[in-house]
Each structure stands twice: as C-alpha cells, then as structure tokens.
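In full-length UniProt numbering, the protein residues as written are 1 to 211. Note that beta-carbon positions come from the ideal geometry of N, C-alpha and C, so glycine has one too.
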C-alpha cells in the first residue's frame, strides 16, 4: 500500500457496483469536473468457475494533472467504489469498457458508454506512423477521385464529413505543406493541360479558316 500511496498519475480507473453506489453518483461525477467514461453495465460477465459475476461498471476518470493515489481513493471511497487503479494509457482500458479485445468475454455496445465533462477518447489516442501514412494515401486518392484542387476545399469537405472523416481531417490539417504542395501541383498540371488544349483548338480553328 505504501508503494501505491506514492503513485501520481493523471488517469485512473475503478469498478463500481450498482447496489453500493449513491443514488446521485452520476451527479457527483459531473460536479467533480473530471473527465469521465463509464462502461455499459457489465451484467453478463462470467467467473472462471462458470458463475455469473456481480453486475458492475468500469469507470475511467481523468485529472488535469498528476494526482496522488490518496486523493483519488478519497474520491472513489465517496462513491463506495473499489480501490482505484492507475492507468499508464487510457486507450487500452477504454477498449476494455466493452471487452473489445477480449473475444472470450461478453461484449457490450460502444454506444452504451457514457461520457461526462467532455471526455473524448480521441484526446488520448495517437496514430502510429503507419496509420498516418495510410491516411495520407487515402486522402490523396480522395483528392484524385473528387478532382479537388484547393486546400481550403479539401479541409471544408473533410470537416463536413463529421466523425467518419475525423482522422483524415486531423492528418490533412497537420500536413499542410504536403497537401498544399500536392494540390498546387495538381492545379499547375490542370492549367497546363488547359493551355495545351486551348492552343490545339486555336490551331484547328485557324486551319479551318484558311480552308
């Protein structure tokens, strides 16, 4: 326990049982100002012995800065919850809220995850280099398919795409030099083709007039 008391982390998790929670526990979480994610009620979990587990919630709480174990435990005690667990990173535990990576466990719907005080899992997720490169290739193909020539048009289209295009928007907005250079090159190529086309048409018209 001494080792736990010395821990200071921003992100913590705990388990809460419905029958032990105060009636206003959600309001208490809201009033705390902490960013919170609450799992769907885990009411289909099974013990290794085959017996049903007690229904429970998994809860993530995120502080603005590193916070001691004792401070966090004081808060979880007020909710009659379990001893808090420090999280090294949030993404993995967030996926555990629905057992997303645990095929042997009961699965729950992401749509039933409840978030409070502006919690957004995207704030805790960093794309890998390979994922960024994949997005760049996909955006380039999207530009080609839709014949986009202006960076402003690209960003506005991606922004209007909502959640479905949020990764693309993040990558496009953080790789300004790459995409402005690519779009400039596309404009130049389009203008060059148009100039050649106009010149060819003019030559044809002149030849027809001479005849």
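Length of the line joining the Cα atoms of residue i and residue j
i           : j           : result
residue 13  : residue 121 : 14 Å
residue 150 : residue 63  : 40 Å
residue 115 : residue 82  : 20 Å
residue 165 : residue 53  : 39 Å
residue 74  : residue 68  : 10 Å
residue 161 : residue 47  : 43 Å
residue 59  : residue 30  : 13 Å
Bounding residues of the beta strand (DSSP E) (the contiguous stretch that carries residue i)
i          : result
residue 59 : 57 to 68
residue 13 : 8 to 16
residue 38 : 35 to 38
Residue range of the unbroken alpha helix (DSSP H) whose run includes residue i
i           : result
residue 116 : Looking at the DSSP string, residue 116 is not in any alpha helix (DSSP H); the run it does join, the beta strand (DSSP E), is 114 to 116.
residue 171 : 166 to 174
residue 30  : 25 to 32
residue 94  : 90 to 96
residue 151 : 151 to 160
residue 129 : 129 to 146
Cβ distance (whole Å) where residue i is taken to contact residue j below 8 Å
i           : j           : result
residue 125 : residue 85  : Contact flag wrong, Cβ pair sits at about 20 Å.
residue 16  : residue 113 : That belief does not hold up - the Cβ atoms of residue 16 and residue 113 are roughly 14 Å apart, past 8 Å.
residue 155 : residue 130 : That belief does not hold up - the Cβ atoms of residue 155 and residue 130 are roughly 24 Å apart, past 8 Å.
residue 21  : residue 79  : 6 Å
residue 108 : residue 42  : 7 Å
residue 182 : residue 140 : 7 Å
residue 44  : residue 106 : 4 Å
Status (buried if at least 16 other CB within 10 Å, exposed otherwise) for residue i
i           : result
residue 40  : buried
residue 99  : buried
residue 128 : exposed
Notebook entry, point to check: If we count Cβ pairs, one from each stretch, closer than 8 Å, do we get three or more for the stretch 128 to 140 versus the stretch 173 to 185?
Noted result: Verdict: yes, contact present.
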